[in-house]
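According to the numbering used here, the sequence shown is numbered sequentially starting from 1. Worksheet: one structure, shown below.
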Amino acid sequence: MLDVCLLGTGGTVPLPNRWLTSCLLRCDGRSVLIDCGEGTQIALHRQSFSCRQIDTILLTHYHADHTAGLPGFLLTMAKSERTEPVTIIGPKGLEEILRGVMLIARYVPFEIRYMEIQSREQTFQIGNMRITAFAVKHSVPTYGYCIEVDRRPKFDPQKAQAAGIPLKLWSRLQKGETVTDENGNTYTPDMVLGKERKGIKMVYATDTRPVEYIAEHARGADLLIGEGMYGDPAKMENALKNRHMTMQECAAIAAKAGVRELWFTHYSPSMPDPEIYREEIQAVFANAVISHDGQTGTLKFQEE
Ligand SMILES: [Zn+2]
Ligand SMILES: [Zn+2]
Numbered sequence: 001m002l003d004v005c006l007l008g009t010g011g012t013v014p015l016p017n018r019w020l021t022s023c024l025l026r027c028d029g030r031s032v033l034i035d036c037g038e039g040t041q042i043a044l045h046r047q048s049f050s051c052r053q054i055d056t057i058l059l060t061h062y063h064a065d066h067t068a069g070l071p072g073f074l075l076t077m078a079k080s081e082r083t084e085p086v087t088i089i090g091p092k093g094l095e096e097i098l099r100g101v102m103l104i105a106r107y108v109p110f111e112i113r114y115m116e117i118q119s120r121e122q123t124f125q126i127g128n129m130r131i132t133a134f135a136v137k138h139s140v141p142t143y144g145y146c147i148e149v150d151r152r153p154k155f156d157p158q159k160a161q162a163a164g165i166p167l168k169l170w171s172r173l174q175k176g177e178t179v180t181d182e183n184g185n186t187y188t189p190d191m192v193l194g195k196e197r198k199g200i201k202m203v204y205a206t207d208t209r210p211v212e213y214i215a216e217h218a219r220g221a222d223l224l225i226g227e228g229m230y231g232d233p234a235k236m237e238n239a240l241k242n243r244h245m246t247m248q249e250c251a252a253i254a255a256k257a258g259v260r261e262l263w264f265t266h267y268s269p270s271m272p273d274p275e276i277y278r279e280e281i282q283a284v285f286a287n288a289v290i291s292h293d294g295q296t297g298t299l300k301f302q303e304e
C-alpha cells in the first residue's frame with residue numbers, strides 16, 4: 001500500500017490558497033517527501049502530519065520553488081527533538097546546496113545523509129519502496145522519480161510438494177530465505193513461490209518538457225503525477241522557452257503510457273483556476289484529475 005498526498009500544487013511562487021509543489025509518500029512506516037519549496041512545512045502541518053516523521057527527502061532539482069523550504073523544514077524537525085538521521089537525495093550539486101542550507105539551519109541534532117544522483121538513471125531502496133530517479137529535460141539538471149512497491153508471489157504448496165522440499169523448510173523459503181539442509185541440499189524461494197504479481201507503481205515528473213522517458217517509466221503505472229504548468233495551449237511558447245509542459249502534453253503522456261490515473265501539479269500562478277481546462281484535458285486522457293492542495297489517495301495491490 002502506498003499513500004500519496006499532494007501537499008501543494010503551485011509552481012514558481014506560492015499563492016494564498018496554493019502551496020508550492022510537494023508530495024508526501026507513505027509506505028509501511030516510511031515517509032518520503034518529494035521537493036520542499038517555501039511553506040512546505042505548513043502544507044504538511046495542514047494535513048495533520050509532522051516534519052519529524054519524514055525520513056527521506058527527494059529533490060527533483062534546485063530551483064527555489066522546490067528547495068527554499070528546506071532550512072525551515074530542517075529547523076522544525078530539530079525543534080521536534082528528532083535524533084534519527086534524515087536522507088536527502090537529489091541531482092549533482094546537492095552537497096553545495098546543503099552547505100548553503102546549513103548556513104541557516106546551523107544546529108540540527110540529527111545526521112543529514114545525502115546522496116547525489118550520479119547518472120541519468122539511478123535506483124535507491126527506501127524501506128519497501130524502490131525509487132528510480134530518471135533525468136528529464138528542464139532548464140537545469142532535473143529528475144523524475146518512479147516509485148515501485150513489489151508484491152511477493154503467492155506461496156504454492158503443490159509446487160513445493162512436487163519439488164520434494166521438506167515441510168519444515170517451507171515457511172523460511174516462503175519468507176524469501178535460501179535454505180541449505182543438513183544434507184547440503186540448497187533450496188531457493190522460487191521453488192515454492194507462484195508466478196510474479198503486479199506491484200504498485202507511481203511516477204512523479206514536473207518541471208520538464210514531455211520527453212519520451214516519462215512515458216517509458218510510467219508505462220502501466222497506477223498513478224502519474226505530472227506537470228500542469230499551462231492549461232492554455234496558447235502558452236506553448238512559454239512552455240518551450242522555460243522547459244515546462246502544457247496540461248495537454250502531460251495528458252498525452254498519460255494516454256501513451258496507459259496509466260490508470262493522472263494527477264496534475266505545479267500550476268502556474270498565472271492560472272488561478274485550472275478546473276476550466278478539465279473537459280479539454282479529459283478529452284485527451286479521461287482519468288485526468290485536476291488536483292488541488294491536499295489531494296490524497298491510496299494505491300493498493302490490485303485484486304487478481
Ligand atoms: Zn518549479
Ligand atoms: Zn524548475
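Ideal Cβ positions, reconstructed from N, Cα and C, are used throughout, including at glycine.
Contact annotation: residue 273 and residue 199 have beta-carbon atoms that are not nearer than 8 Å. Residue state for residue 300 is assigned as coil, using DSSP reduced to three classes. Annotation: residue 118 to residue 159 spans about 42 Å, alpha carbon to alpha carbon. Where residue 22 is concerned, the enclosing beta strand (DSSP E) starts and stops at 22 to 27. In this structure, the straight-line span from the alpha carbon of residue 268 to that of residue 37 is close to 14 Å. At the C-beta level, residue 114 and residue 60 stay beyond 8 Å of one another.
Relative to the non-hydrogen atoms of ligand 2, the Cβ of residue 207 comes within a distance shorter than 7 Å of at least one. By alpha-carbon distance to residue 80, the top candidate from 67, 110, 104 and 174 is 110.
In summary, residue 167 is exposed, with fewer than 16 beta-carbon neighbours lying within 10 Å of its beta-carbon over all protein chains present. A straight line joining the alpha-carbon of residue 230 with that of residue 16 spans about 19 Å. Non-local beta-carbon contacts of residue 165 in its own chain, meaning distances under 8 Å to residues more than five positions away in sequence, involve 173, 187, 191 and 192 in chain order. Taking C-beta atoms as the reference points, residue 217 and residue 132 count as a pair closer than 8 Å. The beta carbon of residue 186 sits no closer than 7 Å to any heavy atom of ligand 1. Runs of the beta strand (DSSP E) spanning 3 or more residues and lying entirely within the segment 24 to 70 occur at 30 to 34 and 56 to 58, in chain order. Ranked by how close their Cα comes to the Cα of residue 102, the residues 70, 77 and 82 have 70 in first place. By the CB criterion at 8 Å, residue 246 and residue 21 fall outside the cutoff.
In the DSSP annotation of this structure, the continuous segment of the alpha helix (DSSP H) that includes residue 174 starts and ends at 170 to 174. If you compare the alpha carbons of 185, 239 and 42 with that of residue 139, the shortest gap goes to 239. Relative to ligand 2, residue 45 has its C-beta separated by 7 Å or more from all heavy atoms. A residue is called buried when at least 16 other Cβ atoms come within 10 angstroms of its Cβ; residue 129 meets this threshold and is buried. DSSP places residue 159 in no beta strand (DSSP E) but in the uninterrupted alpha helix (DSSP H) bounded by 157 to 162. The closest heavy atom of ligand 1 lies less than 7 Å from the beta carbon of residue 11.
The Cβ neighbour count for residue 65, taken over all protein chains shown within 10 Å, is at least 16; the residue is labelled buried. Residue burial annotation: residue 148 is buried, with at least 16 other C-beta atoms found within 10 angstroms of its C-beta. For residue 99, the uninterrupted alpha helix (DSSP H) run begins and ends at 94 to 104, by DSSP.
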